[in-house]
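Enquirer: Would you mind keeping the following structure in view while I ask a few things?
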Amino acid sequence: MYVRDSRNFTVLDGPFKPGVDDTTEICGVRILGPLELDLINIYRPPIRPDESDERQDLFDPTHLPSGDSTIVAGDFNAHHPLWDADCDEADEVGERIATWLDSIGWTTLNDGRPTFTSYRSGGQTAPDAAFCSPSLARRTKWSIGPDLGSDHLPMLLEIRTGGAPPKMIRKTRWSFKKADWLAFQEECEAAFVEAGPEHESVQELATRFHQALEEASVRHIPRGARNRPRPWALDPELKEAVDARRAARRDLRSGDRSAKERWVEAKRRAASVERRVSQRQFREYVSTTLNKHQSLGRVHKTLKMWEGASDDQHRAAESMEDGDRTLVSDRDKANAFNRTYATVSKQVRDRKVDRDTKTRLKASNVKTCHECWGRKSGYCPPFSEEELTRQISQAQLKKSPGPDDLCNEHIKHLGPRAREVLLHLINSSWQSGVVPREWRRAVIVPIPKVGKDPRKIASYRPIALTSHVAKLAERVIATRLSHLAAERNMIPPEQVGFREKRGVEDVVARLTQQVQDGWQLKPCPPSRRQVPDGEAAQKYVLVAYDFSRAYDRVDHRLLRARLAELGIPACYNTWVWAFLRDRRACVEVNGTKSGERVYRAGLPQGSVLSPTLFLLWSAPLVATLKTLPGTTPFMFADDTSTLCAGNSIAVARDRAQLAANTLVKWARRSKMEVAGQKTQLLVLSQNPRDAVDCHIHVAGQLVEGGPELKLLGVTLDRTLSFGPHCRSLRRRVRPRAAQLRRLTGRSWGLQEQQLRAVANGYVRGAIEHAAAAWLPAVSKSNIEILEREMRAVARIVTGCIHSAPHHGVTAEAGMLPVAARRTALAARMFAKAAALPPEDPLRAVAMADPPQRLKLVTGWRQVGREALRELRVELPVEALLPERPPPWTPTGKITFNLSIGALPAGAARSTKRDAALHHLASMTQCATWAWTDGSSSGGILRGGAGALIVGADDSRTELRVPAGTLCSSFRAEMVALQVTLDHILEHQRDAPEPVVICTDSLSAIAALREGPSAQRSARGAAIWKQLLELTAGDRTVTLQWVSSHCGIPENESADALANEAATLAQEDVMLDVDTIYRAAVRTARDRAARDRPTYPDPDRKAATGWYRELMGARWPPPLTNMDRTTAVDVHQIRTGRWSGSAQFLHSIGRNPSADCPQCRNLDCPAARCPLCGEQADTPRHILLTCPGLMGVRLRIPEVGNILPTVEEVRRGDTVAALVAAFRALQS
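Numbering follows the UniProt record's numbering, with no gaps: position 333 of the sequence shown is 333.
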């Protein structure tokens, strides 16, 4: 049943039939409005009383509703003169319905015309009917609609209800593609030419700034609503077929067999044309619109939409329930949502806690900043233009605006004067501690949760849209606050949520390795001798807690006290306090907004500051739990877990109960609530008896241990085998593969690069969620579960058939086997743990070396150590979290230039050289010039850094420094910059002339340009430290990009020096985590290539060894500039199973001969090559030996002879040319 979007309705609860009736299908809706109308739709299948039909006709109309505002309609498969004029005698069901109509006084709406035409006889009857009360019948008109392709004609019921139908509000949006940004910028600049009033308040300045941007936007940026989705335009052929079908139906006459046959044929043709046209249009949409690099996001969105599609999805006009109230209008729904959300975020009163908080605030003296003492210096200086510019450049575009309707696009196009006013506004707010009201307003949009009842308020997740100007101010403050918290270790290392370079895998890795280490201890002896705690094989109880609405219940006064106790300067604390107070929000539903409500507690959803504030808020919880014996806390934002150990399960259970009581007590003191009904418990032990009857009480709720526990998306089981997790991944990934299959075919679909990107992100990304922590512990049989799913995805990417060798299919798709990825991920996990600070518990677990008693228990630490040993990597590893200067550090004397002028696409080397030399000549020549370059073999091995330094006195210095046995090109370039700055600081520290450093690494300069506080690597932070030291006086530094290998003499010299440096000894160079991981992946790829199987037979007839013979240990690059059909042919030929060969078709019975219908014998005459007839047309024969293709091979430039080697024919374009020639000659 379909209901228009503009009609408010609610689904009626059935079943409207006796419980024994399992054949009749009934559904109903109530149309809400001036006249409430119940529509009951029925389908009663035809039940024939014979031996072939065992169903029973139990349809009973007396169970149907019979109110005055009810219409019952549908396909009853019943006949009676009341609604079928051609019916002379009613059948049994028709009599049943007529009797029911008489008993309730209802009437029939049909006028007797037939609504059904039989395919067999062409006879016309009326098995469809509509009934209602006489009062409703007087307002209802019945008619027959046009033919829609079924053997039934639709019934149209027109009901006069009075009043105008409700209208859907279409939300308008800015059309930035059509904006006149130059005029917008000029008007904004003109608006701020004159200074504001002398004593302008922060609120007045904010209002003036927002109004100026809004007025300029209205004039120069178009705004409108997108057209509602329309049915796709009818294809001319389809339109003609539909018209012919309708005309044939109109010409039907009783007993005219030829007219019936014309109608049936016209109906079949229209259905065939419709299928063909819809398929063609969908394929064109995929092959054109989605087949672009910038459309990857749309592809993922389409796949997600298909994956989550269900019949019970959110319907905009459906009524909702709020307790006993039924919400019909959008305004009622919006008000109910806002009332619910504001109630959750109300301020909880607790006299004892409030009194204690007041005392703590007074003791902390939060009104006085002990960092700057009111001078706004030290950690509290005004924000600089560099900080603002950096945050504006990092702001994301295409985001929904807040209540002020301003977006990041507006901010990015502001001129210098407008940006100056914006910086003044943010600094005025920072210095005065006053936050404008526009920054404390939000529009909340409820988003339905997957799998939840769309009629319930609780089934929606609130998404708050706040001002983008406010978010910009939040970002500059959050950057400083995060730096301060990291510098002073305010957030415990056990908390990994929203932390840089930390994530879910850190929690799972530390937990699994700690449990495995406890199992490795010797078990308790059978004697009664007491073993000291922790010295015997440990039993564990893992409890995962759930805080109810954690973010929404944060008390503002208590947060202020905790920030002060942690040492947050009062300037930050005061601004955050003002930012959180008097926050108001409205809710928007289908374009209709509710009234505003005050949110007196909680951290604003969607705020940039909220994650950092919550981490600081929850920091004391970790310290509280760490004081408990045998208890290890794990935290990812508000997801809190405790792992309690003991020599016996009873001790571990008692400790888990103590931890639960402590956590609940802390939550109550923090005005929070632990949801005991959502808490999970799991026993981790090698003995299954330990898991029997293990339970604790959490917040008054009994929590019993289960066989599994889902922690942060990873399913844990008692023995940490992760078998249940692998099976859950299979259930999750298999539908995704099916959706991906819908986007490609044998001759159409996404190109290979698109398919690879989508497969790796959409499918492999789901499998490898936190896989570095759990995959090394998985057995071979469970790994095979994941391997099968990845092989299915590889077949989708390549188009290879099912019988193709697995190793060839995955290699053609560019996918490493899961078993090979296991080693690389473990190496990354171990290197990452080793690169953490010494006080981090994950590093302590990684560096531990317990005895190995259980040989079958394997973890990421053991696999990672073995991988690093194979790579010959020695500890220590370069620090993962670099020490960076404060975000407010001025960098005005350092310039980054990523351009040498406009260059045409595909410019020649000489053009690039001339442009570079011209640009360099325009720069100051009385300077120290340095030319740097990096080198690495294959982009991963034996790195070298070289530099040529030319002083102002024309002195020349050559530097050669090894960059590491394992080294990427980017790392080598960064090493070259670092050693160059080291040399200049050592020998020319006090020289007055400027410094110009030229490098051909665009990525290195782009990374450094992000600023000192944004560096993600220790080497980048060290380079910035050198740059700041070099520019401490009046000296300036310019980092200039130049084109590589375009003939600039100094750049070529630096390249030669880097190549020479790569040959030096590399043992003393410390490596970073990313380099180790890339090297581990490269090693895994090489091992997988070396392990490709060889021919099992000496005649080389089997397809198993063909891929190794053809590709050797190489991995083929993705095929580009090929249509889908050609790319599939190339992949199939190279994997040894080509669906176009006579041999393959004969092996599956598609190419039978008179003597042999089907066989796999390569010597069978039916399998011989159609060109030469000498051998079976296997891929090896087609590429290497077929005499019919000798001339083609000779004419291909990359081959050039009639009997080539495999090295000459493995290229994708060569294979494509030979396959195309084979098909052409065959035809």
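For each residue, glycine too, the CB sits at the ideal point set by N, CA and C. In this text the structure is predicted, and so the values were computed from the model without any measurement.
Can Asp330 and Val589 be called in contact, C-beta distance under 7 Å?
Expert: Taking the first residue of the sequence shown as 1, we reach residue 330 at position 330. Taking the first residue of the sequence shown as 1, we reach residue 589 at position 589. In contact: Asp330 and Val589 (Cβ atoms closer than 7 Å).
Enquirer: Helix, strand or coil: which one does DSSP assign to Tyr119?
Expert: The residue given as residue 119 occupies position 119 in the sequence shown. Coil, per DSSP.
Enquirer: Can you name the start and end residues of the beta strand (DSSP E) that Ile1005 belongs to?
Expert: What you label residue 1005 is simply residue 1005 of the sequence shown in a count that begins at 1. Careful: Ile1005 lies outside any beta strand (DSSP E), inside the alpha helix (DSSP H) at Leu1002 to Arg1009.
Enquirer: I need the straight-line Cα distance from Ala395 to Ile477, nearest angstrom please.
Expert: Walking along the sequence shown from the start, residue 395 turns up at place 395. Walking along the sequence shown from the start, residue 477 turns up at place 477. About 14 Å.
Enquirer: Could you give the first and the last residue of the continuous alpha helix (DSSP H) run that contains Leu711?
Expert: For this step, residue 711 is matched to residue 711 along the sequence shown. Element bounds for Leu711: not the alpha helix (DSSP H) but the beta strand (DSSP E), Glu708 to Leu711.
Enquirer: Along the chain, where does the beta strand (DSSP E) containing Thr715 start, and where does it finish?
Expert: Locating residue 715 in the sequence shown gives position 715, where the first residue counts as 1. Val714 to Asp717 is the span of the beta strand (DSSP E), which, as asked, contains Thr715.
Enquirer: Name the two residues that bound the continuous beta strand (DSSP E) containing Cys27.
Expert: As a position in the sequence shown, residue 27 is number 27, starting the count at 1. Looking at the DSSP string, the run of the beta strand (DSSP E) that includes Cys27 is Glu25 to Ile31.
Enquirer: Going by Cα to Cα distance, which pick from Gly378, Arg562, Leu182 and Phe498 is closest to Lys362?
Expert: One-based indexing of the sequence shown puts residue 362 at position 362. Nearest option by C-alpha distance: Arg562.
Enquirer: Reducing DSSP to helix, strand and coil, say where Gln185 ends up.
Expert: If you number the sequence shown from 1, residue 185 lands on position 185. It is helical.
Enquirer: Among Leu1028, Ala1021, Leu966 and Glu1010, which has the Cα closest to the Cα of Lys985?
Expert: Position 985 of the sequence shown, counted from the first residue, corresponds to residue 985. According to the sequence as given, residue 985 is Leu; it is not Lys. Measuring from the Cα of Leu985, the nearest candidate turns out to be Leu1028.
Enquirer: If contact is defined by three or more beta carbon pairs under 8 Å, each pair taking one atom from either stretch, is the segment 996 to 1016 in contact with the segment 964 to 981?
Expert: Because the criterion of three Cβ pairs below 8 Å is met, the segment 964 to 981 and the segment 996 to 1016 touch.
Enquirer: How is Pro524 classed by DSSP in three states: helix, strand or coil?
Expert: Here the question's residue 524 lines up with position 524 in the sequence shown. First, the residue type needs correcting, since residue 524 is Cys and not Pro in the sequence shown. Looking at Cys524 - three-state DSSP - the assignment turns out to be coil, as it is neither helix nor strand.
Enquirer: Determine the direct distance from the alpha carbon of Ala317 to that of Phe3, and round the result to whole angstroms.
Expert: Counting from one through the sequence shown, the residue named residue 3 turns up at place 3. Counting from one through the sequence shown, the residue named residue 317 turns up at place 317. The displayed chain sequence assigns Val, not Phe, to residue 3. Whole-angstrom Cα-Cα distance: 9 Å.
Enquirer: Measuring alpha carbon to alpha carbon, tell me which of Ala1103, Gln1015, Arg349 and Glu95 ends up nearest Ser670.
Expert: On the sequence shown, residue 670 is found 670 positions in, with the first residue counted as 1. Ranking the options by Cα distance to Ser670, first place goes to Arg349.
Enquirer: If you compare alpha carbons, which of Ile71, Ser6, Asp50 and Ala550 is closest to residue 1228?
Expert: With the chain covering only 1 through 1227, there is no way to say anything about residue 1228.
Enquirer: Of the residues Cys694, Arg173 and Leu213, which one's Cα is nearest the Cα of Phe184?
Expert: By one-based count along the sequence shown, residue 184 stands at place 184. Nearest option by C-alpha distance: Leu213.
Enquirer: Under the three-state reduction of DSSP, which class applies to Gln495: helix, strand or coil?
Expert: As a working note, residue 495 is residue 495 in the sequence shown. Reduced to three states, the DSSP call for Gln495 is strand.
Enquirer: Classify Cys926: buried if its beta carbon has 16 or more other beta carbons within 10 angstroms, exposed otherwise.
Expert: In the sequence shown, counting from the first residue as 1, residue 926 sits at position 926. Result: exposed.
Enquirer: Out of Arg160, Ala820 and Gly145, state which residue places its alpha-carbon closest to the alpha-carbon of Arg1092.
Expert: Taking the first residue of the sequence shown as position 1, residue 1092 is located at position 1092. Nearest of Arg160, Ala820 and Gly145 to Arg1092, Cα basis: Ala820.
Enquirer: Do you know offhand how far Ala1176's Cα is from Ala1166's?
Expert: In the sequence shown, residue 1176 corresponds to position 1176, counting from 1. In the sequence shown, residue 1166 corresponds to position 1166, counting from 1. Straight-line Cα distance between these residues: approximately 8 Å.
Enquirer: Please check the pair Pro446 and Val622, which I expect to be a contact at CB under 8 Å, by giving their CB distance rounded to whole angstroms.
Expert: Along the sequence shown, one-based indexing puts residue 446 at 446. Along the sequence shown, one-based indexing puts residue 622 at 622. That pair is no contact at about 33 Å.
Enquirer: Using only the alpha-carbon positions, how far apart do residue 1245 and Val1042 sit?
Expert: Since the displayed the chain opens at 1 and closes at 1227, residue 1245 lies outside it and no answer follows.
Enquirer: What separation, rounded to the nearest whole angstrom, lies between the Cα atoms of Ala890 and Asp1034?
Expert: Translated into the one-based positions of the sequence shown, residue 890 becomes position 890. Translated into the one-based positions of the sequence shown, residue 1034 becomes position 1034. The identity of residue 890 in the sequence shown is Pro, whereas the question assumes Ala. When rounded, the distance between both Cα atoms is 13 Å.
Enquirer: Looking at Glu505: is its Cβ nearer than 7 Å to the Cβ of Ala772?
Expert: By 1-based counting over the sequence shown, the position of residue 505 is 505. By 1-based counting over the sequence shown, the position of residue 772 is 772. Their beta carbons are under 7 Å apart, which means Glu505 touches Ala772 by this criterion.
Enquirer: Compute the Euclidean distance between the alpha carbons of Val543 and Arg746, then round it to the nearest angstrom.
Expert: Here residue 543 corresponds to residue number 543 of the sequence shown, with the count starting at 1. Here residue 746 corresponds to residue number 746 of the sequence shown, with the count starting at 1. Looking at the two C-alpha atoms, the distance is approximately 50 Å.
Enquirer: For the segment 43 to 102, list the beta strand (DSSP E) runs that are entirely contained and at least 3 residues long, ordered along the chain.
Expert: With a minimum length of 3 residues, the continuous beta strand (DSSP E) runs that stay inside the segment 43 to 102 are 70 to 75.
Enquirer: According to the Cβ coordinates, are Arg597 and Ala342 closer than 7 Å?
Expert: In the sequence shown, the residue the question calls residue 597 occupies position 597. In the sequence shown, the residue the question calls residue 342 occupies position 342. Result yes, Cβ atoms of Arg597 and Ala342 sit closer than 7 Å.
Enquirer: Under a Cβ-count criterion, where at least 16 other Cβ atoms within 10 Å of its own Cβ denotes burial, should residue 1229 be classed as buried or exposed?
Expert: Lying before the first or after the last residue shown, residue 1229 is absent from the chain, which here runs from 1 to 1227.
Enquirer: With a Cβ-Cβ cutoff of 7 Å, do Ala1088 and Ala827 count as a contact?
Expert: Position 1088 of the sequence shown, counting from 1, holds the residue named residue 1088. Position 827 of the sequence shown, counting from 1, holds the residue named residue 827. No. Outside cutoff.
Enquirer: Thr108 and Trp83: beta carbons closer than 7 Å?
Expert: Stepping through the sequence shown from its first residue, residue 108 is reached at position 108. Stepping through the sequence shown from its first residue, residue 83 is reached at position 83. Yes. Within cutoff.
Enquirer: Kindly indicate the opening and closing residues of the alpha helix (DSSP H) around Lys1025.
Expert: Counting from 1 along the sequence shown, the entry for residue 1025 is found at position 1025. Taken as a continuous stretch (DSSP letters only), the alpha helix (DSSP H) holding Lys1025 covers Ala1018 to Leu1030.
Enquirer: I'd like the span of the alpha helix (DSSP H) that includes Lys412, first residue to last.
Expert: Position 412 of the sequence shown, counted from the start, is the residue given in the question as residue 412. Looking at the DSSP string, the run of the alpha helix (DSSP H) that includes Lys412 is Asn408 to Lys412.
Enquirer: If you draw a straight line from the alpha carbon of Gly591 to that of Thr24, how long is it in whole angstroms?
Expert: The sequence position of residue 591 within the sequence shown is 591, counting from 1. The sequence position of residue 24 within the sequence shown is 24, counting from 1. The alpha-carbon atoms of Gly591 and Thr24 are separated by roughly 39 Å.
Enquirer: Three or more C-beta pairs closer than 8 Å, one from the segment 841 to 851 and one from the segment 512 to 527: is that the case here?
Expert: With the cut-off at 8 Å, the segment 841 to 851 and the segment 512 to 527 touch.
Enquirer: Within the 7 Å Cβ cut-off, does Glu284 reach chain C?
Expert: Looking at the structure shown, chain C is missing, and only one protein chain is on hand.
Enquirer: If the criterion is Cβ atoms closer than 7 Å, does the pair Phe896 and Ile1005 meet it?
Expert: For the purposes of this step, residue 896 is taken as residue 896 along the sequence shown, with counting starting at 1. For the purposes of this step, residue 1005 is taken as residue 1005 along the sequence shown, with counting starting at 1. It is a contact, given that the beta carbons lie within the stated cut-off.
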